Amino acid sequence: MKKKDYIYMLSLFIITISMIFVLKGQHLFGNSIDWFNQHVMLSDALRQAIRDEGTLFPTYLKNLMSGVNIYYFSYYGYLRPDVLLGALFINIKMIDILSVYSIFLMILTTISCYLFLRNHLKERQLCFFISLLVLCSSLFFQSHKQIMFVNVLPFLFLMLKSVDHYFKDGNITGMILWGSLLIVHSYFYSIGCFIVYLIYFLKHYFPYRNNKKHIINLFKVYLSIFLLTAILTIPTLFVIIGGHKSVQALNYSKLLIPTFDLRGLLYDNYGCGMTYFVWMLLVLGLFKEKTRKLSLLLIFVMLMPLASLILNGFLYARSKILIVFIPLICLQIGYVLEDYSLNKFKYCFILWLIPLFFIQRPFLVLLDLIFSFIILYFGQKNIKSYFLYLLVPCLVVYLNNPSKSFLLKEKYQKYNNQEITTLIQRNEISRLALFSNTSQTMNQTFQNKVTRVSGYTSTNHALYNSFLYDTLKLPISLNNRVAQLDQDNPFYLKMMAIDSVISTKEVESYQQADQEKNYKLYQSQEVMPVVYATSQLYSQKQFQKLNYPYTLDTLYNNAVVEKGSSTYQSQFKVLDLGLDDSYTIHQKKKTNKTYKLLQSLKNKILVLEFDVQNKKPKQAVSITINGIKNKLSKITSPYYNQNTHFTYLISNIKNDELIVSFSKGNYKLKNLKAYTLDDSIIKNREKEVDSLSLENGKDLINGTIDVSNSGYLITHLPYDQGYQIQIDRKNVKSEIVNTAFLGCKISKGNHRISIQFKPKGYHSGFVLSYLGMMVVVFNFIYERKKKNEE
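Residue numbers (our numbering): 40 to 829.
#1: Express the C-alpha separation of residue 117 and residue 635 in angstroms, rounding to a whole number.
#2: Please list the terminal residues of the continuous beta strand (DSSP E) segment that includes residue 783.
#3: For residue 427, which residues in the same chain have their Cβ closer than 7 Å to its Cβ, ignoring the five residues on either side in sequence?
#4: Less than 7 Å separating the beta-carbons of residue 575 and residue 597?
#5: Output yes if chain E places a C-beta closer than 7 Å to the C-beta of residue 729; else output no.
#6: Can you give the Cα-Cα distance for residue 606 and residue 599, rounded to whole angstroms?
#7: Output the boundary residues of the beta strand (DSSP E) element that contains residue 536.
#8: In three-state terms, what does DSSP make of residue 460?
#9: Who are the Cβ neighbours of residue 13 in its own chain at under 7 Å, not counting the five residues just before and after it?
#10: How many angstroms separate the CA atom of residue 111 from the CA atom of residue 801?
#11: Rounded to a whole number of angstroms, what is the C-alpha to C-alpha distance between residue 628 and residue 662?
#12: Hey, how far is the Cα of residue 285 from the Cα of residue 381?
#13: Of the choices 70, 268 and 343, whose alpha-carbon is the least far from that of residue 301?
#14: Within the continuous beta strand (DSSP E) that includes residue 598, where are the two ends?
#15: Leaving out five residues on either side along the sequence, give the residues of the same chain with a beta carbon under 6 Å from the beta carbon of residue 793.
#16: Indicate the three-state DSSP secondary structure (helix, strand or coil) for residue 710 in the structure shown.
#17: Helix, strand or coil, according to DSSP, for residue 523 in the structure here?
#18: For the alpha helix (DSSP H) that contains residue 429, what are its first and last residues?
#19: Rounding to the nearest angstrom, what Cα-Cα distance links residue 304 and residue 782 in this structure?
#20: With a threshold of 8 Å, are at least 3 pairs of Cβ atoms found where one atom belongs to the region 188-196 and the other to the region 383-391?
#21: Quickly, what does DSSP pair residue 622 with across the bridge? List them, please.
#22: Have a look at 780, 489 and 257 and flag the residue whose alpha-carbon is nearest the alpha-carbon of residue 461.
#23: With a cut-off of 8 Å on the beta carbons, I'd call residue 522 and residue 503 a contact; round off their distance for me.
#24: Helix, strand or coil: which one does DSSP assign to residue 149?
#25: Once you ignore the five residues that flank residue 220 on each side, which residues in its own chain have a CB closer than 6 Å to its CB?
#26: Sort 199, 226, 619 and 763 by Cα distance to residue 236 and report the nearest one.
#27: Tell me which same chain residues have a C-beta within less than 8 Å of the C-beta of residue 297, skipping the five on either side of it?
#28: Would you kindly check if the distance between the Cβ of residue 468 and the Cβ of residue 548 is under 7 Å?
#29: Who are the near neighbours of residue 699 in its chain, counting only those whose CB is closer than 6 Å to its CB and skipping five residues on each side?
#30: Can you name the residues that DSSP bridges to residue 473?
#31: Can you name, in chain order, every residue of its own chain whose Cβ lies under 8 Å from the Cβ of residue 458, other than the five neighbours on each side?
#32: Would you decide whether residue 593 is buried or exposed? Buried here means 16 or more other CB atoms lie within 10 Å of its CB.
#33: Rounding to the nearest angstrom, what Cα-Cα distance links residue 660 and residue 456 in this structure?
#34: Of the choices 756, 681 and 256, whose alpha-carbon is the least far from that of residue 516?
#35: Are residue 278 and residue 240 closer than 7 Å when you measure CB to CB?
#36: What is the DSSP secondary structure of residue 253, reduced to helix, strand or coil?
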């Protein structure tokens, strides 16, 4: 590299930093929707797990979702450098580390793009121009929202750059290291990245196709990357196989129909986010032999939903995965800009115009087309004129990143509430439910000082999710059923051993223990123990025959196991509310109504349920009753929640009335049913079981228990492969109890209990990663030795 290259790279650094501070203003460099509750909170939980276990490869996240395999959260930064740095500098806020690291990756992306293009293009100005186009793409938006969509880009650019070096010096270490960093930053997006890498490698390989050595080395690269990252990928694979995720329903007939709106390429933040100038260059590339094949490939990928489906692992056909093609797009437009003919324009006009008939805001896009045409017409003679076009992508990035897309400092203070933190610091809390900003705080563990039963991760625990939404039938208030929010539901609170609740409102059957400004801490000892033994056993087969809500008190007053003999009869009673069996709602705005109950429900729990038929499926439906919200997401939602059966459990009915809020829309409510239960039925249950006396130790659970009658040991740990229960230092067979949790048989008498956990695939992944590290080290030494001999 020469001095000019360093000047251009320094310019990219300065421009990136300047754009960030101009656009974000006084806000934080993070999005107001998913960034805080997912990326900041989960990164913090992961770094705390590293500290708690004293290893770079922790196995368990004990403070979320009642305690689960940490690989359910590996998507959010397991082994990622910023999380490791966060564990090292534990006193620095994770929000600061994450913001700085995201900015660093943005800068690295633009510089690595420049370096990659310098291997192929003669003009430095052209490399600089294209790097600025990348900066103004979806890279900017996703760097402060869903960071794993774009944090692979710098390493993909560098991996492709290593391919260039490989065909000169034969060294593969660079490709292995950059490929491994791809997986560490986003194993999901790494699949698409490796496909891009394969395409690029084969493009280089074609002139040497008679030399099989290159194919062997390609295989070595993939194998070495697999070995090196096995500690992450193998346990995660087992989690994905057994996991659960709501996805958009697929219309297979449309997968082979081209989408001419080019959402995956143009303007959209959930695609490449490029401008029309890029589309025109890809089309122009069709009319030159050197660029024709790559243009055909890129246009096919951008047009065909089937390509997105394959790259997304057949989960959905969303175009956000096409972001991984940005390096190839940059290379292609560089080739075209370096050498194109004005004579070819007449062949391109029809293809240039087609997207205008399908794209949103066609008039504005037409202006972009005209401006792009002018730039291309005059730019052939003067390369500096290309820089005038940067006005368009700069305008697009400005419109796509308004100030409201950044997180306000006031909102951050609200989510990261100091009053709540103070309450936690000065009180003894085991398991906490938080009824403030539940969608933003569900992953918050307050430096792992408390255990949360809530949690969100894309790779969800299927059994636990089913327990919450299919057995307890908790209301679903978001567009997906993956987010597991805290609920003011006595069965949820008591069964999950939640001894503390922080809320601004009174919590039924909990007593106020402390207050900090508007936030109150409520606590109760009348909850089930975290681990206990019981002989009241209900058959799993019989339980599956019960309908909701008869399952609730049956489950609460028994342990559901494979073979049980309990003859318990549910105490829920059908209630006549004097309502019709069905109602049709057709309204253009949200409305509120109050219904007076026919009888007093003091000291009773009310359950309401009904089916929802949405006559406008492209519009969401939500109904809130006494503050409890249920929502049926629109059918086009990326993670359609399928919540067509609304349930409400209300335990504190004031003034014997129901306050109902109906969303706008056209929908029908049918099969309305109501039930009541005396709240005495779920009181003092914790006194009927034998509680484990917990002790500190290295294991997940340590303690002693005095079992009054032979039965089952019941825990609130979601069942998973990898648990090992020891009773009196002897391994026992673990089982699924209460439909989703870990348990085992236990005999009468005094016992010492210990529970350990190792994720499935962890040991083999660790061994393979160690082997991979040795392979890479020896290969690097061999390559250095070979270079010195030359």
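Glycine is no exception: its CB is placed at the ideal position from the N, C-alpha and C atoms.
Only a predicted model underlies this, so the values are computations on that prediction, with no experimental measurement involved.
Considering the structure as presented:
#1: 52 Å
#2: 780-785
#3: 414
#4: yes
#5: Of the chains in the structure shown, none is chain E; there is only one protein chain.
#6: 12 Å
#7: First-last for residue 536: undefined, no H or E at that position.
#8: helix
#9: The chain is shown only over 40 to 829; residue 13 falls outside these bounds and no answer can be derived.
#10: 13 Å
#11: 13 Å
#12: With a pLDDT of 49 at residue 285, under the threshold of 50, the modelled position of this residue cannot be trusted, and the question is left open.
#13: 343
#14: 598-600
#15: 738, 741 and 765
#16: strand
#17: strand
#18: Looking at the DSSP string, residue 429 is not in any alpha helix (DSSP H), and its letter there is neither H nor E.
#19: 51 Å
#20: no
#21: 708
#22: 489
#23: With 8 Å as the limit, residue 522 and residue 503 do not qualify as a contact, their Cβ atoms being about 13 Å apart.
#24: helix
#25: 194
#26: 199
#27: 342 and 343
#28: no
#29: 632 and 664
#30: 541
#31: 555, 556, 557 and 558
#32: buried
#33: 31 Å
#34: 681
#35: no
#36: helix
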